[in-house]
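Visitor: Here it is: the structure, laid out below.
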Amino acid sequence: DQRMGRDEVIKGTDDDAIISKLSAVNLGYLDDPFVKHFVKRPSRRPPLINRGSYLRTRSLDTFAENFIRSGSVHSDGAKPGSSQTSGQTKKQIVSLGCGSDTRYFKLKTKGLTVHKYFEIDFQESTAKKAVVIKKNKAFTDVIADPDLKLGLGGTELYAKDYCLLSGDLREFTEVIVPKLMAQGFDTSLPTLFLSECVLIYIQPRDSDRIVEWVGTNMSASLFVLYEQINPTDAFGAMMLRNLRARRIELPGIHAYPSLKSQEERFTSRGWLAAKAIDMNNLHSSLTEGEMKRISGLEIFDEVEEWQMLASHYCVAWAYHVREDPRPAWDRQ
Ligand code: SAM
Numbered sequence: 007d008q009r010m011g012r013d014e015v016i017k018g019t020d021d022d023a024i025i026s027k028l029s030a031v032n033l034g035y036l037d038d039p040f041v042k043h044f045v046k047r048p049s050r051r052p053p054l055i056n057r058g059s060y061l062r063t064r065s066l067d068t069f070a071e072n073f074i075r076s077g078s079v080h081s082d083g084a085k086p087g088s089s090q091t092s093g094q095t096k097k098q099i100v101s102l103g104c105g106s107d108t109r110y111f112k113l114k115t116k117g118l119t120v121h122k123y124f125e126i127d128f129q130e131s132t133a134k135k136a137v138v139i140k141k142n143k144a145f146t147d148v149i150a151d152p153d154l155k156l157g158l159g160g161t162e163l164y165a166k167d168y169c170l171l172s173g174d175l176r177e178f179t180e181v182i183v184p185k186l187m188a189q190g191f192d193t194s195l196p197t198l199f200l201s202e203c204v205l206i207y208i209q210p211r212d213s214d215r216i217v218e219w220v221g222t223n224m225s226a227s228l229f230v231l232y233e234q235i236n237p238t239d240a241f242g243a244m245m246l247r248n249l250r251a252r253r254i255e256l257p258g259i260h261a262y263p264s265l266k267s268q269e270e271r272f273t274s275r276g277w278l279a280a281k282a283i284d285m286n287n288l289h290s291s292l293t294e295g296e297m298k299r300i301s302g303l304e305i306f307d308e309v310e311e312w313q314m315l316a317s318h319y320c321v322a323w324a325y326h327v328r329e330d331p332r333p334a335w336d337r338q
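Using UniProt numbering, read the sequence shown as starting at 7 and increasing by one per residue.
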């Protein structure tokens with residue numbers, strides 16, 4: 007039926023993302039030895055796209071790294087910022103619509119671990135990912151769990167600190183939450199939810215339910231999303247037309263078309279605070295050294311086109327604290 011056809015197209019959007027990421031890795035924008043295992047036919051993308059992939063990945067990496075490093079210092083002396091995480095508050099990360107994302111492996115290679123890292127995507131996507139991970143030492147060495155198991159006909163993976171789960175995010179409370187719970191998901195632990203170019207493909211009524219569930223049921227959570235905005239100006243309309251020609255629709259973009267509405271999707275659902283910025287803002291916040299480094303990677307002279315493109319992507323984040331999950335003796 008029509009919904010099935012639409013879903014197939016949406017699953018395909020991950021291929022695009024991962025090819026672009028590999029292009030940015032191969033040119034030196036990003037350091038990621040894991041991406042190449044997910045790409046059969048690498049292709050070099052234009053400078054504009056490489057810079058976009060770089061900023062997108064880097065911004066969410068930074069959120070994840072800071073989330074893991076932040077928090078209380080326990081009596082064994084592990085300090086935030088040190089790679090020693092054993093003494094820190096237990097934390098979780100949930101990646102909604104993970105596709106072929108490699109963040110868990112990159113973080114853990116840097117010594118940045120969490121109690122549990124959950125990844126969720128459609129079953130066809132997780133099945134492909136599970137095979138790649140299970141058969142490659144590069145991945146299993148990082149997971150480093152002799153009890154790493156495939157489940158549900160090879161569509162899921164379970165390890166001590168990593169779970170790849172299959173399901174439709176539109177059935178979040180009915181299907182996804184029970185699956186998370188069955189794998190040890192703990193609503194009392196500080197948790198980072200990541201959604202990188204995912205909620206935009208879902209009808210707002212379904213993405214709103216996710217945002218609302220997280221805001222209502224978690225003790226302390228940080229939600230970070232990255233997605234398209236500004237569909238109504240000339241460039242945005244062209245962007246949507248190009249996507250539509252490939253049968254890709256972004257239903258969420260009409261519900262959350264601006265930075266302000268991205269913030270309100272959280273604050274109107276009880277979240278404590280939210281902030282959204284566009285990619286131009288992020289780009290100009292790069293250090294001089296980093297700007298110089300990426301400028302040396304390839305010729306980049308489409309400055310105006312870049313600014314136009316970058317104004318159509320945003321990073322939004324929100325946090326919510328229901329109660330302080332730390333023991334009393336560890337509070338300020
Ligand atoms: N987050 C990854 C990244 O940034 O590399 C993948 C992004 S890709 C553009 C979008 C992903 O969202 C796809 O892997 C797709 O299968 C997943 N997705 C979209 N709608 C979904 C749904 N209803 N349930 C589960 N996954 C979904």
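Don't be surprised by glycine CBs; every beta carbon is placed ideally from N, CA and C.
By DSSP, does W323 sit in helix, in strand, or in coil?
Guide: Translated into the one-based positions of the sequence shown, residue 323 becomes position 317. Strand.
Visitor: Are there any heavy atoms of ligand 1 lying less than 7 Å away from the beta-carbon of C104, as far as the coordinates show?
Guide: For the purposes of this step, residue 104 is identified with residue 98 of the sequence shown, where counting begins at 1. Yes, the Cβ of C104 comes within 7 Å of a heavy atom of ligand 1.
Visitor: S59 by DSSP, collapsed to three states: which one?
Guide: Taking the sequence shown and counting its residues from 1, one reaches residue 59 at position 53. DSSP places S59 in helix when its eight states are reduced to three.
Visitor: Start and end of the beta strand (DSSP E) containing Y110?
Guide: Position 104 of the sequence shown, counted from the start, is the residue given in the question as residue 110. Counting along the chain, Y110 falls outside any beta strand (DSSP E), though it belongs to the alpha helix (DSSP H) covering 109-115.
Visitor: Short of 7 Å in beta carbon distance, which residues of its chain neighbour L61, apart from the five on each side in sequence? Order them along the chain.
Guide: What you label residue 61 is simply residue 55 of the sequence shown in a count that begins at 1. Hits under 7 Å: M285, L288, H289.
Visitor: Leaving out the 5 sequence neighbours to the left and right, which residues in its chain are closer than 7 Å to V41 when beta-carbon positions are compared?
Guide: Here residue 41 corresponds to residue number 35 of the sequence shown, with the count starting at 1. Around V41: I24, K27, L28, V31, T108.
Visitor: Could you spell out the range, first to last residue, of the alpha helix (DSSP H) harbouring E125?
Guide: In the sequence shown, counting from the first residue as 1, residue 125 sits at position 119. Per DSSP, E125 belongs to no alpha helix (DSSP H); it is in the beta strand (DSSP E), 122-127.
Visitor: Helix or strand or just coil, what does DSSP make of P86?
Guide: Walking along the sequence shown from the start, residue 86 turns up at place 80. In this prediction, P86 scores a pLDDT of 47, lower than 50, which makes its location untrustworthy; no coordinate-derived value is stated.
Visitor: For the segment 214-226 against the segment 316-323, do three or more pairs of beta-carbon atoms, one drawn from each stretch, fall closer than 8 Å, so that the two count as touching?
Guide: In short, these stretches do not touch, since the Cβ pair count stays below three.
Visitor: For the beta strand (DSSP E) holding L171, just list the boundary residues, first then last.
Guide: Indexing the sequence shown from 1 puts residue 171 at position 165. Taken as a continuous stretch (DSSP letters only), the beta strand (DSSP E) holding L171 covers 168-172.
Visitor: What number of angstroms, rounded off, separates the C-alpha of G105 from the C-alpha of G173?
Guide: Position 99 of the sequence shown holds residue 105. Position 167 of the sequence shown holds residue 173. Cα to Cα, the separation comes out at about 12 Å.
Visitor: For the segment 122-133 against the segment 174-187, do three or more pairs of beta-carbon atoms, one drawn from each stretch, fall closer than 8 Å, so that the two count as touching?
Guide: Yes, the segment 122-133 is in contact with the segment 174-187.
Visitor: Give the straight-line distance between the Cα atoms of E139 and T197, rounded to the nearest whole angstrom.
Guide: Reading the sequence shown from its first residue, position 133 is the one you call residue 139. Reading the sequence shown from its first residue, position 191 is the one you call residue 197. Residue identity differs from the one stated: residue 139 is Ile in this sequence, not Glu. So the alpha carbons of these two residues sit roughly 24 Å apart.
Visitor: Looking only at DSSP bridge pairs, what is E162 linked to?
Guide: Reading the sequence shown from its first residue, position 156 is the one you call residue 162. Paired residues: G157.
Visitor: Would the C-beta of C320 count as close to ligand 1, meaning under 7 Å from any of its heavy atoms?
Guide: Counted from its first residue, the sequence shown places residue 320 at position 314. Incorrect: C320 has no Cβ contact closer than 7 Å to ligand 1.
Visitor: With a threshold of 7 Å, establish whether the CB of K155 neighbours any heavy atom of ligand 1.
Guide: The residue you call residue 155 lines up with position 149 of the sequence shown. Not under cutoff, so the answer is no.
Visitor: Cβ of V204 within 7 Å of any heavy atom in ligand 1?
Guide: What you label residue 204 is simply residue 198 of the sequence shown in a count that begins at 1. It does: the Cβ of V204 is within 7 Å (strictly closer) of some heavy atom of ligand 1.
Visitor: Rounded to whole angstroms, what's the CA-CA distance from I235 to P152? Just pull it up for me.
Guide: As a working mapping, residue 235 is identified with position 229 in the sequence shown. As a working mapping, residue 152 is identified with position 146 in the sequence shown. Computed Cα separation, rounded: 44 Å.
Visitor: Exposed or buried, which one is G103 when buried takes at least 16 other CB atoms within 10 Å?
Guide: Walking along the sequence shown from the start, residue 103 turns up at place 97. It counts as buried.
Visitor: Would you kindly work out how many angstroms separate the C-alpha atoms of S131 and K114, rounded to a whole number?
Guide: Along the sequence shown, one-based indexing puts residue 131 at 125. Along the sequence shown, one-based indexing puts residue 114 at 108. Approximately 22 Å, taken between the alpha carbons.
Visitor: Only counting runs of 3 or more residues, tell me where the beta strand (DSSP E) segments fall wholly within the segment 259-326, in order along the chain.
Guide: Here the runs fully enclosed are 279-284.
Visitor: Cutting at 7 Å between CB atoms, please list the residues of its own chain near I206, excluding the five before and the five after it.
Guide: Along the sequence shown, one-based indexing puts residue 206 at 200. Once the five neighbours on either side are set aside, the close Cβ partners of I206 are E233, Q234, L256, G258, I259.
Visitor: Relative to the alpha-carbon of L66, which residue among A133, S213, L200, L195 has its alpha-carbon at the smallest distance?
Guide: In the sequence shown, the residue the question calls residue 66 occupies position 60. Selected option, being the one with the closest Cα: L200.
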